[in-house]
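Quick note on numbering that gives the first Met the number 0: the sequence shown kicks off at 0 and runs consecutively.
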Amino acid sequence: MITEINGQKIRSFSELRAKVATSGVGKEIELTYLRDGKEAKAKVTLQSDSEAKVTASNLIPALKGADFNNYNAKGIKGVEISNVEKGSIAEMRSLKKAILSSA
0 MITEINGQKI RSFSELRAKV ATSGVGKEIE LTYLRDGKEA KAKVTLQSDS EAKVTASNLI
60 PALKGADFNN YNAKGIKGVE ISNVEKGSIA EMRSLKKAIL SSA
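As structure tokens, then:
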């Protein structure tokens with residue numbers, strides 16, 4: 000769970016989206032997040048929506064083998080799980096191709 004961007008607390012998913020959207024393409028930001036009950040930090044560089052493909056293992060190693068994309072079509076905004084590699088940790092955790100809506 001992401002708790003801060005550049006040291007500023009995040010209270011909701013919509014606040015997270017707004018802060019990322021207003022930060023600007025190409026800008027490096029620092030994310031603070033919780034993993035297994037422990038706080039961790041990561042620096043990421045923001046990309047445009049057309050370039051915004053994330054490999055889950057970059058964020059959460061336990062999801063290695065899953066690819067995520069921003070999704071904005073048919074009036075639905077969210078995240079698309081675009082690929083799950085056969086035999087991967089993500090597949091072993093029963094992750095499947097899907098669209099996850101934020102609404």
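Built from N, CA and C at the ideal position, the CB exists for glycine as well.
The segment 85–102 and the segment 61–76 touch, with three or more beta-carbon pairs separated by less than 8 Å. In the structure shown, L45 adopts coil according to DSSP, grouped into three states.
Looking at the backbone, the Cα of N68 and that of Q46 are separated by about 11 Å. In the DSSP assignment, V78 falls within the beta strand (DSSP E) that extends over I75 to V83.
Note that the C-beta distance between I28 and I59 is not below 7 Å.
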